[in-house]
Amino acid sequence: MLYAVPAGLSLRGWNMPDQFNVLLEVRNVRKFFGVRGKSVLPTAKYVQAVNEVNFSVRRGEVFSVVGESGSGKTTLGQMLIRLLDPSDGEIMFDGVDLMTLDDQQMRRARKRMQIIFQDPYSSLNPYMTVGDAIGEVLEVHGITKTTAERDQRVDDLLETVGLRSATSVRYPHEFSGGQRQRIAIARAIAANPEFLVADEPVSALDVSVQAQILNLISDLRASMGLTMVFISHDLAVVRHIADRVAVMYLGRIMEIADVDEFFDRPLHPYSQALLSAVPTPDIRRSKQRQVLSGEIASPMSPPSGCVFRTRCPHAIEACAGVVPPLELKSATRSSACIRDDLLK
Amino acid sequence: MSVISSKAVTLGKAEPKRRQNRLLMTLRGVFSHRLGMIGGTVIVFLVICALLASVIAPYSPFTINYTAILKPPSLEYWFGTDELGRDILSRILYGSQASLQVMAMSIAGALVIGSAVGLVAGYLGGWVDEVIMRVVDGLLSFPAIVLALAIVAALGPSLTNAIIAIAVVNVPDFARLVRGQVVAIRRYEYVQAAKAIGMSPARLMWRHVWPSVRGSVIIYSTLKAAQAIITESALSFLGLGVQPPWPTWGSMLSTAMRYGDSWWMSVFPGLAIFLTVLALNLLGDALRDVLDATTN
Amino acid sequence: MLKMLILRIIQSIPVLVIVGAVVFSIAVALPGDPSLIILGENAPEVERQRIRLELGLDRPVLVQFGDWMFKAVQGDIGKSYKTGEPVVSVLAARIPVTLQLAFLSMLFAVVVGVPLGMIAAIKRNSWVDAVVSVLSVSALAMPFFWVGILLIMLFTLKLRLLPPFGYVPFSEDPVQNLRFMIMPVLTLGSAYVALVARQTRAAMVQVLSSDYIRTARAKGASELRVVTVHGFRNALVAIVTVIGLQFAGMMGGAVVTETVFQLPGLGRMITNAIFDRDYGLMQGGVLVVVLGVIIVNLLTDMAYWLLDPRIQR
Ligand SMILES: Nc1ncnc2c1ncn2[C@@H]1O[C@H](COP(=O)(O)OP(=O)(O)OP(=O)(O)O)[C@@H](O)[C@H]1O
Ligand SMILES: [Mg+2]
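Chains as they are written, first to last, in my numbering: chain F, 17 to 360; chain Y, -4 to 291; chain W, 86 to 398.
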């Protein structure tokens, strides 16, 4: 095993979406970006970055979003904590639609939700010391009153993420990528959030330090009881950290399943393609390996019907008709495919 | 099985470094930049001259002396005298007060207002940005001197109004510069991170956006200050700047036009403008070199 | 191309409205009662009231603005307060002078600046380059009116070669017209020589260090040939850049230059109008200058679009 998964808070096997156990519910969310064309009219085209996305995240679980580059993972992740406003739909956080909050309420709510960005080089302000970057969170939410208190708490946080407290007077450029990501994590947990979006937190790092950072995140989520949305395109990472997995393609969710189920028996043709692209030592599976043909379609003009049909080996004419809805296929998984009966 | 403890990682270097002072770094850079050093020295010299004009100036800039009219440069009058027998050197020294004052205050005003406008436009985006930038485009279509003339004509010629006019003329330039930079910086994740923290927009702009913009604003101010000197002297030259009997470099030149044979009347005030503008331009270029080097 | 042009024109409309608003509000903010300016200090109240009504000054400011814009779009920008002449006909007489000045200055800047920039680029980091760079830094630090005064001192008072002030239309006496124009053109052109030389040098250095130039050079082509043939397009882009970015500045320079040399152009008309408190005339003058700037910006964009292969069609 590559990554240590903490025991204790894992909620695998929970299947009923219990109303009281849902921290985050995403309902029919879309995000379209206007694209400035060269035409006379101001906005002619849209990028459909995220389209009709529905899912819910239970308290304490790690919900992982996987997909190729450009599938809308970052856009979705940012909407979850309202760094981006959805074009349509609702983001219910602990029973409240974030879009109904005014600026001040939203700012207060941010204490409960945080994000770790993909690139630790651009996520830290180069003009600010590490101590200030972390301490700022404490100041903004009035968590510490005095400077001494603040500095003490910053030092504690740095230690929690495995850095020396002397780090606080330095500037980000003096650190390696892994250390920077630790700093970013310290900042994210400073206000003691309940919910954390981790947007490919290790993909910009050297392979040698990826494991350390993942372990840190796992440890923290166990000790703090965090609920997490973990975005990644690395299935090996997902397998070890996630409780449930959602697969995205061209802005839409193709499949949601418990992690073991997903890796054992992917249901959606796209999930199967993704998994078979991962080299495995498993001889049984390697012979079924299929390679995705063709290019990912443009999010500006996605195919009609099922967006995956242009690359799907099982596509039939009917796939071009309607967009297949994400349907519950069993107690623990949903899939958006009209042909998955055939694939079981 | 390789479970790596996350607590074991520490930094290589043990000594905590003290905060590096960026200002100091920049200053050190300028000192080692030859042309920038020359420019800086001239500016410092000019500021001292302006502050100490009443001490240094050999004569009063106002006293009319009919016995010493249009005297060429001599040991007695280094830069000669004008048509009323006033000492040109003294008048240039006193004239630097008006020029530097108008320059400093108008650029400071334009910097503050223009940067604020640019920050707001760039950060908020959307229709606010659209409206502000159209107004900026509109104002930028006016030649600086024409807009300044019109404003001074409306307000009446005086030191204060020259400052206001030149400030207004420069606001759109700063707004455009800052807005462009903010739009570029807004994409950086640290700005997103600051927003995610729950910071108020005002604090976010001040702590996270402004520091990255500051450098280019300072370079730009130096270059704009050079232009402000020219605009101020042009206003005075056209009779719409600081009013007589206060000497200004521009008004001295406009009088000199009527006394073309007394070359010293036009050469020295012109040189004063020339050197000031040159020094500011050199300093601005040096700052650009230095800041480019320190940010890379 | 046409689409681009139309798009740019549409984009200019809000800018034009704002320009109109600024010009109009300046006139509103100007001190002094227009009726007194038109009729003189001791005009009877009845007459003044009539003028106010005629000018529509009794209406709300916004209505006045709307009316003014509406008329301006149709080409009616009012009358001179002083002479009662329509502003348009006064402008018609002034515009050619400023245009000639601007055109000749730019021509001078190109004819002198491009070769200087090219030489500096070929001999970069030599003393020639240094001299060109010192000259351009200096030229950019000299206010136009000082250059003008120095030129008058040199050419008129010292060498007695040129007439100091005055103007004859080109159509009446081309030779005399050009003699009057030499000093203003040198004055206004000096800064643009520097700018053109700078831009040309930068463009040329880029060309010289690019791969295809190295290839051409390897084939034995002379440096000068390489620069002139391959650099031509880049030089053009450099010149267009200067014209586009600096046209507003050049119009400002024209105001000062025309005042120094007493050329009857737009610039001097504007300054005179300010002193005469002839705000009708001033408004028209400023409006035309700014309109010119906007049109030139539009044309530069078009020129860029034609010249720069990197900009997509
Ligand atoms: N601000 C924006 N304006 C226009 N289009 C955007 C914007 N942000 C994202 N997009 C587009 O939306 C789509 C989804 O982008 P997103 O960054 O969410 O994908 P992703 O799955 O995170 O990809 P990656 O793995 O590369 O990070 C892409 O086609 C992208 O080009
Ligand atoms: Mg992403």
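Each residue gets a CB set at the ideal place from its N, CA and C atoms; glycine is no exception.
Check	Outcome
Per-residue DSSP class, three states only, for G50 (chain F)	strand
Spatially closest choice to L348 (chain W) from W:G365, W:A178, W:Q368, by CA coordinates	W:A178
C-beta neighbour in chain F for Q96 (chain Y), strict 8 angstroms	no
Distance between beta carbons of A388 (chain W) and A187 (chain W), contact taken as under 8 angstroms	So it is not a contact: roughly 16 angstroms between Cβ atoms.
Same chain, Cβ closer than 7 angstroms to V270 (chain W), five either side skipped, listed in chain order	L186, L189, S190, F193
Three-state secondary structure assigned by DSSP to V253 (chain W)	coil
Through-space distance from I64 (chain Y) to Q331 (chain W), alpha-carbon basis	42 angstroms
Euclidean distance between Cα positions of I83 (chain Y) and W259 (chain Y)	8 angstroms
Whole-number beta carbon distance between I180 (chain W) and V173 (chain W), since they are thought to touch under 8 angstroms	Not quite, the Cβ-Cβ distance comes to about 10 angstroms (not below 8 angstroms), so this is no contact.
Start and end residues, beta strand (DSSP E) containing I269 (chain F)	268 to 274
Short CB-CB distance (under 8 angstroms) between L280 (chain W) and chain Y	no
Segment contact, 8 angstroms Cβ cut-off, at least three pairs: the stretch 214 to 231 of chain F with the stretch 258 to 276 of chain F	no
Cross-chain neighbours of N276 (chain Y) in chain W, by beta carbon under 9 angstroms	V222, L225, A226
Any C-beta of chain F under 8 angstroms from that of S207 (chain Y)	yes
Residue-chain proximity (G334 (chain W), chain C), Cβ-Cβ < 8 angstroms	Although the question refers to chain C, the structure presented lacks it and instead comprises the protein chains F, Y and W.
Collapsed DSSP secondary structure at M244 (chain F) in the structure displayed	strand
V148 (chain W) versus G104 (chain Y): straight-line alpha-carbon distance, rounded	33 angstroms
Three-pair Cβ contact test at 8 angstroms for the stretch 196 to 213 of chain W versus the stretch 280 to 292 of chain W	yes
Check whether V42 (chain Y) and L95 (chain Y) have beta carbons under 8 angstroms apart	yes
Cβ shell of K303 (chain F) (< 6 angstroms), same chain only, five flanking positions each side left out	Note that K303 (chain F) scores a pLDDT of 44, beneath 50, so its modelled location is shaky; the value from the coordinates is reported in the next line. For K303 (chain F), where only same-chain residues beyond five positions count, there are no Cβ hits under 6 angstroms.
Cα-Cα separation between L46 (chain Y) and I268 (chain Y), rounded to whole angstroms	17 angstroms
CB-CB length for I192 (chain Y) against V146 (chain F), believed under 8 angstroms	Actually they do not touch by this definition, with Cβ atoms about 15 angstroms apart.
Residue range of the unbroken beta strand (DSSP E) whose run includes R260 (chain F)	260 to 265
Neighbourhood of ligand 4 [Cβ distance below 6 angstroms to any heavy atom], ordered by chain position	Of the ligands this structure carries, namely ligand 1 and ligand 2, none is ligand 4.
Beta-carbon spacing of G193 (chain F), A220 (chain F) below 8 angstroms	yes
Near-chain F residues of the stretch 176 to 187 of chain Y - C-beta to any C-beta below 9 angstroms	R182, Y183, E184, Y185, V186, Q187
Under the three-state DSSP convention, the category L247 (chain W) falls into	coil
Whole-angstrom distance between L140 (chain F) and V373 (chain W), CA atom to CA atom	50 angstroms
Below-8 angstroms beta-carbon distance, F232 (chain Y) vs any chain W residue	yes
Residue-chain proximity (L134 (chain Y), chain W), Cβ-Cβ < 8 angstroms	yes
Contact list for the stretch 139 to 167 of chain F against chain Y, Cβ threshold 7 angstroms	S139, L140, N141, Y143, T145, E152, V153, V156, H157
Cutoff 7 angstroms; reference A224 (chain W); Cβ partners in own chain excluding five residues on either side	S275, A276, V278, A279
Neighbour flag for W258 (chain Y) against chain W, beta carbons, 8 angstroms	yes
Proximity below 8 angstroms, CB of I132 (chain F) to CB of P209 (chain F)	no
Cβ contact check for the stretch 345 to 359 of chain W and the stretch 229 to 237 of chain W: 3 or more pairs under 8 angstroms	yes
Same chain only: Cβ atoms within 7 angstroms of M200 (chain Y), ignoring 5 sequence neighbours per side	L114, Y118
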